[in-house]
């Protein structure tokens with residue numbers, strides 16, 4: 001079978017991400033083996049997600065709520081990957097996204113621990129997040145989770161669990177240019193304004209401890225999180241995974257699909273405008289202001305955000321900083337998550353006194 005170049009690029013770069021974030025291996029192999037044209041991607045994955053969704057409804061009707069939650073959570077992740085970089089066809093992308101949201105909403109009450117969809121006031125409007133809490137009634141420490149260029153809060157289940165197991169609540173949210181906010185709000189480089197709104201929300205809740213807030217970011221979120229930590233001093237500790245130090249310098253090295261995703265989600269009219277916008281996502285003159293404990297994680301074989309970006313961040317930050325570079329690790333080290341996810345959760349738990 002002769003695949004087109006876009007399908008080859010997606011499969012080559014993101015296979016470990018699909019599996020580590022909850023797509024069953026058999027589903028991944030069968031769907032990707034069946035695909036030749038990128039135009040068929042969203043429909044093929046949506047059809048597979050619908051099978052898990054139907055199984056979830058059957059389990060729910062039978063009163064098997066835990067099983068239903070697991071099926072709905074898997075369906076949500078697969079619907080997300082149906083749409084995640086499919087920006088050339090919004091008529092397919094948006095219905096798949098709506099199904100991801102609906103399935104995740106069905107999953108939240110039944111997964112363990114359960115979760116709640118929350119609304120976060122932001123500049124006269126709302127951002128949306130998923131709040132999950134470990135058992136207990138105390139005012140819990142919380143990790144705010146920053147998404148990447150093409151990720152969304154419905155993808156975060158396997159990342160959340162490590163913090164939840166250690167007594168830390170998780171608040172994964174869609175910021176400007178991401179998930180539910182990608183249509184109306186453009187990506188913004190000054191992400192401290194976004195995290196400040198989320199921290200304000202945390203402080204309104206009796207079940208969360210506004211004095212014990214951690215920040216976690218993956219991929220583009222690996223830029224957003226340290227950027228926010230440089231200015232938002234309510235952040236007690238920050239984890240940055242595979243983020244860029246100066247995104248503008250990577251523009252010429254990134255494959256066309258990621259460039260187009262950035263163009264669309266930065267609300268740039270064309271590639272030249274997007275190239276200018278990309279230069280604003282730069283930690284030069286900013287990373288020095290990071291004084292909270294910082295853990296920087298990267299993969300030595302990352303083809304998307306080369307490891308020198310993580311080394312530069314770790315060398316520039318002013319506070320207590322640790323650098324964890326994984327040999328043979330790919331982008332976000334999704335091919336070896338066991339080598340950093342539990343360890344980084346331990347690190348965060350220690351800094352939040354969890």
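Residue numbers (my numbering): 1 to 354. Don't be surprised by glycine CBs; every beta carbon is placed ideally from N, CA and C.
Query raised in the report: residue 238 by DSSP, collapsed to three states: which one?
Result: Here residue 238 refers to the residue found at position 238 when the chain shown is read from its first residue. Of the three classes helix, strand and coil, the one that applies to residue 238 here is strand, per DSSP.
**Report entry** Cross-strand partners of residue 355 (DSSP beta bridge)
**Finding:** For residue 355 there is no data in the structure shown, the boundaries of the chain being 1 and 354.
Query raised in the report: For the ligand GDP, any of its heavy atoms closer than 6 Å to the Cβ of residue 279?
Result: With respect to small molecules bound, the structure shown includes none, and the ligand GDP cannot be examined in it.
Query raised in the report: Is it true that the region 17-31 meets the region 150-162, where meeting means three or more beta-carbon pairs spaced less than 8 Å apart?
Result: Contact holds: three or more Cβ-Cβ distances are below 8 Å.
Query raised in the report: Helix or strand or just coil, what does DSSP make of residue 169?
Result: For the purposes of this step, residue 169 is taken as the residue at position 169 of the chain shown. In the structure shown, residue 169 adopts extended strand secondary structure according to DSSP, grouped into three states.
Query raised in the report: What are the start and end residues of the beta strand (DSSP E) that includes residue 118?
Result: Taking the first residue of the chain shown as 1, we reach residue 118 at position 118. Run containing residue 118: 115-122, per the beta strand (DSSP E) assignment.
Query raised in the report: If we ignore side chains and look at the alpha-carbon of each, how far apart do residue 105 and residue 165 end up?
Result: Here residue 105 is taken as the residue at index 105 of the chain shown, counted from 1. Here residue 165 is taken as the residue at index 165 of the chain shown, counted from 1. Rounded to whole angstroms, residue 105 to residue 165 spans 22 Å at the Cα level.
Query - Classification of residue 47 by the beta-carbon crowding that lies within 10 angstroms, buried from 16 upward - result: Counted from its first residue, the chain shown places residue 47 at position 47. Residue 47 should be labelled exposed.
Query raised in the report: Alpha carbon to alpha carbon, what distance is there between residue 67 and residue 242?
Result: The residue labelled residue 242 in the question sits at position 242 within the chain shown. The residue labelled residue 67 in the question sits at position 67 within the chain shown. Computed Cα separation, rounded: 34 Å.
Query raised in the report: By the 10 Å Cβ neighbour count, where 16 or more other Cβ atoms means buried, how is residue 310 classified, buried or exposed?
Result: Residue mapping note: residue 310 aligns to position 310 of the chain shown, counting from 1. Buried, since its Cβ has 16 or more Cβ neighbours within 10 Å.
Query raised in the report: Starting from residue 202 and walking both ways along the alpha helix (DSSP H), at which residues does that stretch end?
Result: The residue you call residue 202 lines up with position 202 of the chain shown. Run containing residue 202: 192-203, per the alpha helix (DSSP H) assignment.
Report task. Mind listing, in chain order, the continuous alpha helix (DSSP H) runs of no fewer than 4 residues lying wholly within the region 9-71? Result -> Within the region 9-71, the complete alpha helix (DSSP H) segments at least 4 residues long are 25-34, 41-61, listed from N- to C-terminus.
Query - Proximal residues to residue 263 (C-beta, below 7 Å), its chain only, five neighbours per side dropped - result: By one-based count along the chain shown, residue 263 stands at place 263. So the list reads 271, 274, once near-sequence residues are dropped.
Query raised in the report: residue 75: buried (16+ other C-beta within 10 angstroms of its C-beta) or exposed?
Result: Position 75 of the chain shown holds residue 75. For residue 75, the number of other beta carbons within 10 angstroms of its own is at least 16, and it is reported as buried.
Query - Identified DSSP bridge partners for residue 246 - result: Locating residue 246 in the chain shown gives position 246, counting from the first residue. In the DSSP assignment, the residues bridged to residue 246 are 282.
Report task. Take residue 65 as the anchor and find which of 252, 235, 137, 109 has the nearest alpha-carbon. Result -> Against the chain shown, residue 65 aligns to sequence position 65. Nearest C-alpha to residue 65: 109.
Report task. Given a cut-off of 7 Å, decide if residue 189 and residue 290 are closer than it, judged by their beta-carbon atoms. Result -> Position 290 of the chain shown, counted from the start, is the residue given in the question as residue 290. Position 189 of the chain shown, counted from the start, is the residue given in the question as residue 189. In this structure, residue 189 does not lie closer than 7 Å to residue 290 by Cβ.
Query raised in the report: residue 336 to residue 196, Cα distance in whole Å?
Result: Locating residue 336 in the chain shown gives position 336, counting from the first residue. Locating residue 196 in the chain shown gives position 196, counting from the first residue. Rounded to the nearest angstrom, the two C-alpha atoms are 32 Å apart.
Report task. Please classify residue 132: does DSSP put it in a helix, a strand, or coil? Result -> As a position in the chain shown, residue 132 is number 132, starting the count at 1. Secondary structure at residue 132: strand, using DSSP grouped into helix, strand and coil.
Query raised in the report: Name the DSSP beta bridge partners of residue 213, please?
Result: Start at 1 with the first residue of the chain shown, and residue 213 comes out as number 213. Partner(s): 142, 235.
Requested in this report: Could you check if residue 178 is buried or exposed, using at least 16 other CB atoms within 10 Å of its CB as the buried criterion?
Outcome: Taking the first residue of the chain shown as position 1, residue 178 is located at position 178. With 16 or more other Cβ atoms inside 10 Å of its own Cβ, residue 178 counts as buried.
Query raised in the report: Do residue 153 and residue 174 come within 7 Å of each other at the CB atom, strictly closer than that value?
Result: Along the chain shown, one-based indexing puts residue 174 at 174. Along the chain shown, one-based indexing puts residue 153 at 153. Closer than 7 Å, so yes.
Query raised in the report: Relative to the C-alpha of residue 3, which residue among 120, 53, 35, 201 is closest?
Result: For the purposes of this step, residue 3 is identified with residue 3 of the chain shown, where counting begins at 1. The shortest Cα separation from residue 3 among 120, 53, 35, 201 belongs to 35.
Query raised in the report: When you compare only the Cα positions, how much space is there between residue 81 and residue 93?
Result: Residue numbering aside, residue 81 sits at position 81 when the chain shown is read from its first letter. Residue numbering aside, residue 93 sits at position 93 when the chain shown is read from its first letter. If I take the Cα positions, the gap works out to 10 Å.
Report task. Check residue 325 in the structure and name its three-state DSSP category. Result -> Position 325 of the chain shown holds residue 325. Three-state DSSP puts residue 325 in a strand.
Query raised in the report: Residues bridged to residue 127 by DSSP?
Result: Here the question's residue 127 lines up with position 127 in the chain shown. DSSP lists 120 as partners of residue 127.
Report task. Tell me whether residue 161 sits in a helix, a strand or coil according to DSSP, three-state version. Result -> To locate residue 161, count along the chain shown from 1; it is residue 161. Here residue 161 sits in helix by DSSP.
Query raised in the report: Can you list, in chain order, the residues of its chain whose CB lies under 6 Å from that of residue 148, leaving out five sequence neighbours each side?
Result: Along the chain shown, read from residue 1 onward, the residue named residue 148 stands at position 148. Only 218, 219, 220, 221 meet the Cβ criterion.
Query raised in the report: Any idea what DSSP makes of residue 297, helix, strand or coil?
Result: Looking up residue 297 in the chain shown gives position 297. It is a strand residue.
Query raised in the report: According to DSSP, which residues form a beta bridge with residue 208?
Result: Here residue 208 corresponds to residue number 208 of the chain shown, with the count starting at 1. DSSP links residue 208 through a beta bridge to 140.
**Report entry** Nearest neighbour of residue 139, chosen from 26, 118, 170 [CA to CA]
**Finding:** To locate residue 139, count along the chain shown from 1; it is residue 139. It is 170.
Report task. Report the rounded CA-to-CA distance for residue 112 versus residue 134, giving the unit in angstroms. Result -> For the purposes of this step, residue 112 is taken as the residue at position 112 of the chain shown. For the purposes of this step, residue 134 is taken as the residue at position 134 of the chain shown. The alpha-carbon atoms of residue 112 and residue 134 are separated by roughly 9 Å.
Query raised in the report: If you pair each beta-carbon of the region 278-285 with each one of the region 200-209, do three or more pairs fall below 8 Å?
Result: Judged by Cβ distances under 8 Å, the region 278-285 makes no contact with the region 200-209, as fewer than three pairs qualify.
Report task. Use the C-beta contact count for residue 233: other C-beta atoms within 10 angstroms, 16 or more gives buried, fewer gives exposed. Result -> Indexing the chain shown from 1 puts residue 233 at position 233. Exposed, since its Cβ has fewer than 16 Cβ neighbours within 10 Å.
Query raised in the report: Taking C-beta to C-beta, are residue 228 and residue 180 nearer than 7 Å?
Result: Along the chain shown, one-based indexing puts residue 228 at 228. Along the chain shown, one-based indexing puts residue 180 at 180. No, the pair does not count as a contact, with Cβ atoms beyond the cut-off.
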